[in-house]
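Student:
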Amino acid sequence: MIDLKEAYTPRPISFLELWEYEGWKMKVYGISSTGDYPRKKLVERAKETAMDILPVPSVTNTHYGAGFIGVHEGEGASFIFIDWWTNENELMHHVYVGPHEEPGNFEYVTPKGLIACCWDLKVLSFERDSWVDQILNNPTGAPDIEGYLNCRLNELV
85 MIDLKEAYTP
95 RPISFLELWE
105 YEGWKMKVYG
115 ISSTGDYPRK
125 KLVERAKETA
135 MDILPVPSVT
145 NTHYGAGFIG
155 VHEGEGASFI
165 FIDWWTNENE
175 LMHHVYVGPH
185 EEPGNFEYVT
195 PKGLIACCWD
205 LKVLSFERDS
215 WVDQILNNPT
225 GAPDIEGYLN
235 CRLNELV
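In this note's numbering, the protein residues as written are 85 to 241.
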């Protein structure tokens, strides 16, 4: 039997901004266990981390200069995930975890196997559906990157 430390509590997932860097257009999402939005310094740290790992040039024959960043101020730690689309239907996913009291001290945990928590998975699912609808199965017959970037999640989950 699993002993839960606490019952599930919905958290707000909010689109914070469309952030641009070196030709990349990244949707930035905030998730917080303590309020409506994560602390601004966590959001800034997420963007700094993205600057270190996003490939340049942003648009090539394998990636499209579009993706998303999640900043999750959780109960016991803070999480950052940085994702971008490649090879038409594949998602590059990088996860970092850091203590609340040291927002500049994040550890890269993707090699350890951590993917996402149940709240982060809602963002991944939404972004997957948006990519399919606007890029892979767009009713116009042509991929619509701007349409994808305009699909934004704002929900209590």
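Beta carbons are placed, not taken as given, at the ideal position from N, Cα and C, and that holds for glycine.
Opposite Phe99 in the DSSP bridges: which residues?
Tutor: To locate residue 99, count along the sequence shown from 1; it is residue 15. According to the DSSP secondary-structure assignment, Phe99 is paired through a beta bridge with Tyr113.
Student: Once you ignore the five residues that flank Lys109 on each side, which residues in its own chain have a CB closer than 7 Å to its CB?
Tutor: Looking up residue 109 in the sequence shown gives position 25. So the qualifying residues of the chain are Leu102, Gly149, Ala150, Leu233.
Student: Can you give me the C-alpha to C-alpha distance between Ile164 and Gly154, rounded to a whole angstrom?
Tutor: In the sequence shown, counting from the first residue as 1, residue 164 sits at position 80. In the sequence shown, counting from the first residue as 1, residue 154 sits at position 70. Taking the straight line joining both Cα atoms gives about 6 Å.
Student: Between Asn238 and Thr194, what straight-line distance do the alpha-carbon atoms span, to the nearest angstrom?
Tutor: Translated into positions along the sequence shown, residue 238 becomes position 154. Translated into positions along the sequence shown, residue 194 becomes position 110. Rounded to the nearest angstrom, the two C-alpha atoms are 26 Å apart.
Student: Closest to Thr118 by C-alpha separation, out of Ala200, Glu159, Trp203, would be which residue?
Tutor: Within the sequence shown, the letter at position 34 stands for residue 118. By alpha-carbon distance to Thr118, the top candidate from Ala200, Glu159, Trp203 is Glu159.
Student: Would Asp55 pass as a contact of His156 if the rule is Cβ separation under 8 Å?
Tutor: The question about residue 55 has no answer, for the chain in this structure spans 85 to 241.
Student: So, using beta-carbon positions, are Ala161 and His147 closer together than 8 Å?
Tutor: The count along the sequence shown starts at 1 and reaches residue 161 at position 77. The count along the sequence shown starts at 1 and reaches residue 147 at position 63. Contact flag unset, no.
Student: Going by the beta-carbon positions, is the gap between Trp169 and Ile97 smaller than 8 Å?
Tutor: Position 85 of the sequence shown, counting from 1, holds the residue named residue 169. Position 13 of the sequence shown, counting from 1, holds the residue named residue 97. It is not a contact, given that the beta carbons lie outside the stated cut-off.
Student: Measure the alpha-carbon distance for Asp116 versus Asp213 and round it to whole angstroms.
Tutor: Taking the first residue of the sequence shown as 1, we reach residue 116 at position 32. Taking the first residue of the sequence shown as 1, we reach residue 213 at position 129. Per the sequence presented here, residue 116 reads as Ser, with Asp not at that position. Rounded to whole angstroms, Ser116 to Asp213 spans 23 Å at the Cα level.
Student: According to DSSP, is Ala91 helix, strand or coil?
Tutor: As a first step, residue 91 is located in the sequence shown; it is residue number 7 there, counting from the start. DSSP, reduced to helix, strand and coil, places Ala91 outside both helices and strands of the structure shown, so it counts as coil.
Student: What does DSSP give as the partner residue(s) for Ile166 in the beta ladder?
Tutor: Here residue 166 corresponds to residue number 82 of the sequence shown, with the count starting at 1. According to DSSP, which records beta bridges pairwise, Ile166 is partnered with Ile153, His178.
Student: Please determine, among Tyr113, Tyr192, Ile199, the residue with the shortest C-alpha to C-alpha distance to Phe152.
Tutor: In the sequence shown, the residue the question calls residue 152 occupies position 68. Comparing Cα positions, the closest option is Tyr113.
Student: Assuming Phe210 and Arg129 form a contact by the criterion Cβ under 8 Å, report the distance between their Cβ atoms to the nearest whole angstrom.
Tutor: As a working note, residue 210 is residue 126 in the sequence shown. As a working note, residue 129 is residue 45 in the sequence shown. With 8 Å as the limit, Phe210 and Arg129 do not qualify as a contact, their Cβ atoms being about 23 Å apart.
Student: Between Asn145 and Val241, what straight-line distance do the alpha-carbon atoms span, to the nearest angstrom?
Tutor: Counting from one through the sequence shown, the residue named residue 145 turns up at place 61. Counting from one through the sequence shown, the residue named residue 241 turns up at place 157. Taking the straight line from one Cα to the other gives about 36 Å.
Student: Just to confirm the assignment, what range does the alpha helix (DSSP H) spanning Ser142 have?
Tutor: Here residue 142 refers to the residue found at position 58 of the sequence shown. Segment: none, Ser142 is in no alpha helix (DSSP H) and carries neither H nor E.
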